[in-house]
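Chains as they are written, first to last, in our numbering: chain H, 1 to 357; chain Y, 1001 to 1357.
Structure, as structure tokens:
Number of protein chains: 2
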Amino acid sequence: LASENERIYIAVDAMGGDFAPHEIVKGAIQGARKYNVGLDLVGHPDKIRVELEKHANQGIEIRITEALDEVDMGESPVVALRRKKNASIAVAARQVKQGKAHAMVAAGSTGAAMAAALLNIGRIKGIERPAIGVALPTLRGLPTLMIDGGANMDSEPHLMVQFAALGHAYMQGMHGLPRPKVGLLNVGSEKGKGNTFCKEAFELLEANSAFYFAGNAEGRDFFIGDFDVIVCDGFAGNIALKSAEGMATMFGKLLKSHLMKNGWTKLVGLLAKPMLDKVKHHLDHEYVGGALLLGIDGICVIAHGGSSALAIENAMRVAISGVKGNVLGKMQVVTQESLNASTHVVASGQEAVLTGE
Amino acid sequence: LASENERIYIAVDAMGGDFAPHEIVKGAIQGARKYNVGLDLVGHPDKIRVELEKHANQGIEIRITEALDEVDMGESPVVALRRKKNASIAVAARQVKQGKAHAMVAAGSTGAAMAAALLNIGRIKGIERPAIGVALPTLRGLPTLMIDGGANMDSEPHLMVQFAALGHAYMQGMHGLPRPKVGLLNVGSEKGKGNTFCKEAFELLEANSAFYFAGNAEGRDFFIGDFDVIVCDGFAGNIALKSAEGMATMFGKLLKSHLMKNGWTKLVGLLAKPMLDKVKHHLDHEYVGGALLLGIDGICVIAHGGSSALAIENAMRVAISGVKGNVLGKMQVVTQESLNASTHVVASGQEAVLTGE
């Protein structure tokens, strides 16, 4: 943890993402200047230095940490990372593990980032499966956190309790909410709705007092509801994210095609462009920043593979908020509280059985 | 089936939906006039007659079929429909079963419509679980059919094969596609992606020659892909639909709020309104019409509970297309072909074992 006066260092995987190292180094410098933090650029030193020379970086504390292994496209990230100990994403994770950086930022595949974080940092005690926390833009201003955004397929119901605890800590730490409202993704709001998975998860969430479980949420609540956290299986999370993305793309393209019809509509489109840009900005992943790998015993932010410098700058903002809001410490605490709350339920169950004898 | 010169009759549940009987009867008359079909209005005769008197209906063949039982709000539809044999939705379904109407249209809960259809019409031979087919608006013009839109929770993988056959028949019958492209909803396009359910369903779909299985689809493909049919579990379908709906609502409201900021933006908004209305029209459920209950041994269209007269008119269009496109006959045929195709695979497997001995 960063003490009051200690400079925050962010380890940035300079080699990951479609536009690495150029956009990554550029965005990292922008973010370091904007948020007044130190940089730990991880990757091929010569390539990083070439990029650094392109940008004014006086006044920014920059370290370069060598990492020469490269993970090829098409390699399974988990297999590759077991073999290539010095891949930049693995080295960035170890900088966090060893306390040399307060958080890491990497662009690219979430699978690779999760594998690197698991192998080199490990899980928070009491968390079986770390998950991807995606902060979604909403109408109410404050984002709604989706957890799991796609790390775990075939989740078991009891993992929803762990995700609820992690999401609770995220919204407390990042947004200062005293008592985040946690929902379970389901097909209807009433208790008893949904599939077997949801029914079991509902019971477990309802029985746990470590966080505020407010009941079932629906797909639309990711964007227009008043839940702070919505927990779901990674499969369902991925479907929800990509369906919404498809709808937004279609909406935008339809509007554009109607505005491009003739001279008059083109003029209207030109006049409406600033307003449309504001909507786009609100929805855009560049603005939203990166997703946190929740349940990992360190602050790890994963940005889109196609990240521009601006996206990296925003991912740094997310990482720095995570550090300053002590999201890690909060996750550790609430996970233990949640385990104790569960144990309590199990214990009373056992007691009842003993009394029954 | 409607022979060449026989008049098509549509049984309309006049009592179902939030704005029944007023909007329903109004929309039914509009639809009957527009598409030149006969009406079989099912419900309370006096209430229907009151509505009929409000609208010019000369030249339209109208029958009134009495149905006096009412299903109360909050009653479980399945339980209520077992008891109340003369609920309007049940009587409408029996009109189809008895050949007195070629299709039925009902507004309200899909659960009630599915229960009424199952109890009074039954399933197509070879179909274990009928499903909801939702035709989604896309960028390519032609809709993409989602099946299952939410009828079945906890579907087993082999049901995806039945849904694929039903979806194939729908797109052939409704849109004249010779070889509809069927996808499986998953988290990525490559084979081997996803949860256990998807992996098993993929193998079964790939092994069946009764339809063209084109591989995995993703959430965004509902709106911007080039699949004709996407099969999924009802839970995942519901999540995808409602997430996309939430995104569309947010997009529209954000745009509106930016356009309402000041006098200038309001003027731009006024100028842009016709284009925005066209996008809304494209996405709106009033335009899209109703969902077909696929796998039921009759053409049943369920419209939104909040259906206006226009929504009912569009649901009638869907029902009439279903009748004229012989979707029912096509579903019966491809379901048998699909069963035979599966048997074929099992048979060669057994043969191999016998040869091996």
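Heads up, the beta-carbon is just placed ideally off N, CA and C, and yes, glycines get one too.
Near residue i, which residues of its chain fall below 6 Å by C-beta distance, leaving aside the five closest residues on each side in sequence?
| i | result |
| --- | --- |
| residue 183(H) | 214, 217, 227, 230 |
| residue 1039(Y) | 1028, 1032, 1062 |
| residue 162(H) | 127 |
| residue 1344(Y) | Residue confidence is low: residue 1344(Y) scores 46 on pLDDT, short of 50, so the model does not pin down where it sits. Its coordinate-derived value is still stated next. None. |
Do residue j and residue i have their beta-carbon atoms positioned less than 7 Å apart in this structure?
| i | j | result |
| --- | --- | --- |
| residue 1193(Y) | residue 1187(Y) | yes |
| residue 326(H) | residue 289(H) | no |
| residue 341(H) | residue 164(H) | no |
| residue 81(H) | residue 116(H) | yes |
| residue 42(H) | residue 93(H) | no |
| residue 1309(Y) | residue 1053(Y) | no |
| residue 1280(Y) | residue 1173(Y) | no |
| residue 150(H) | residue 132(H) | yes |
| residue 1243(Y) | residue 246(H) | no |
| residue 1202(Y) | residue 251(H) | no |
| residue 153(H) | residue 234(H) | yes |
| residue 239(H) | residue 1135(Y) | no |
| residue 66(H) | residue 25(H) | no |
What's the C-alpha gap between residue i and residue j?
| i | j | result |
| --- | --- | --- |
| residue 1316(Y) | residue 1301(Y) | 8 Å |
| residue 1352(Y) | residue 1333(Y) | Below a pLDDT of 50, predicted positions are generally treated as unreliable, and residue 1352(Y), at 36, falls in that range; the measurement from the model is reported next regardless. Using only the alpha carbons, I get a separation of about 29 Å. |
| residue 1015(Y) | residue 1103(Y) | 17 Å |
| residue 1059(Y) | residue 1168(Y) | 37 Å |
| residue 1185(Y) | residue 77(H) | 24 Å |
| residue 1166(Y) | residue 1236(Y) | 18 Å |
| residue 1253(Y) | residue 258(H) | 19 Å |
| residue 1088(Y) | residue 195(H) | 29 Å |
| residue 324(H) | residue 105(H) | 15 Å |
| residue 272(H) | residue 1269(Y) | 7 Å |
| residue 264(H) | residue 291(H) | 41 Å |
| residue 1148(Y) | residue 1075(Y) | 24 Å |
| residue 146(H) | residue 232(H) | 8 Å |
Within 7 Å (strictly less), CB to CB, does residue i reach chain Y?
| i | result |
| --- | --- |
| residue 349(H) | For residue 349(H), the pLDDT reaches just 41, beneath the cut-off of 50, and the residue's location in the model is therefore unreliable, although a value from the coordinates is still provided. So no, residue 349(H) is outside the interface. |
| residue 220(H) | yes |
| residue 18(H) | no |
| residue 79(H) | no |
| residue 262(H) | no |
| residue 29(H) | no |
| residue 202(H) | no |
| residue 279(H) | yes |
| residue 356(H) | Per-residue confidence for residue 356(H) stands at a pLDDT of 31, beneath the threshold of 50, marking its modelled position as unreliable; no derived number is given. |
Closer than 7 Å by C-beta to residue i: which residues in its own chain qualify, once you throw out the five before and the five after it? Chain order, please.
| i | result |
| --- | --- |
| residue 359(H) | No statement about residue 359(H) is possible, as the shown extent of chain H runs from 1 to 357 and does not include it. |
| residue 1097(Y) | 1120, 1121, 1298 |
| residue 282(H) | 137 |
| residue 1305(Y) | 1017, 1018, 1107, 1108, 1109 |
| residue 1339(Y) | 1126 |
Which bits of chain H does residue i rub up against, with CB to CB less than 8 Å?
| i | result |
| --- | --- |
| residue 1282(Y) | 254 |
| residue 1148(Y) | Ordered by position in chain H, no residue passes the 8 Å Cβ test against residue 1148(Y), which lies about 11 Å from the chain. |
| residue 1189(Y) | Result: empty, since nearest Cβ-Cβ is about 11 Å, beyond 8 Å. |
Might you give, ordered along the chain, the residues of its own chain that have their beta carbon closer than 8 Å to the beta carbon of residue i, omitting 5 neighbours on each side?
| i | result |
| --- | --- |
| residue 179(H) | 212 |
| residue 1248(Y) | 1283 |
| residue 1118(Y) | 1130, 1296 |
| residue 266(H) | 259, 260 |
For residue i, decide whether its Cβ has a neighbour in chain H, counting only Cβ atoms nearer than 7 Å.
| i | result |
| --- | --- |
| residue 1275(Y) | yes |
| residue 1076(Y) | no |
| residue 1239(Y) | yes |
| residue 1139(Y) | yes |
| residue 1235(Y) | yes |
| residue 1159(Y) | no |
| residue 1109(Y) | no |
| residue 1243(Y) | yes |
| residue 1180(Y) | no |
So with CB distances below 9 Å, who are the chain H contacts of residue i?
| i | result |
| --- | --- |
| residue 1304(Y) | Residues of chain H passing the Cβ test: none, with the nearest at roughly 15 Å. |
Which chain Y residues sit within Cβ distance under 7 Å of residue i?
| i | result |
| --- | --- |
| residue 196(H) | 1154 |
| residue 224(H) | 1246, 1249, 1250 |
Can you name the residues of chain Y whose CB is closer than 9 Å to the CB of residue i?
| i | result |
| --- | --- |
| residue 184(H) | What residue 184(H) touches in chain Y: nothing, since even the nearest Cβ is about 12 Å away. |
| residue 259(H) | 1272, 1275 |
Would you mind telling me which residues of chain Y sit closer than 8 Å to residue i, beta carbon to beta carbon, in chain order?
| i | result |
| --- | --- |
| residue 268(H) | 1268, 1271, 1272, 1275 |
Could you work out which residues of chain H lie near residue i, taking near to mean beta carbons separated by less than 7 Å?
| i | result |
| --- | --- |
| residue 1335(Y) | Those do not exist, as residue 1335(Y) stays about 25 Å from chain H at its closest Cβ, beyond 7 Å. |
Is the beta carbon of residue i within less than 6 Å of some heavy atom of the ligand SAH?
| i | result |
| --- | --- |
| residue 1173(Y) | No copy of the ligand SAH occurs in the structure displayed, which carries no ligand at all. |
Interface residues of the segment 1040-1067 of chain Y facing chain A [CB-CB below 8 Å]: Here the protein chains are H and Y, and chain A is not one of them.
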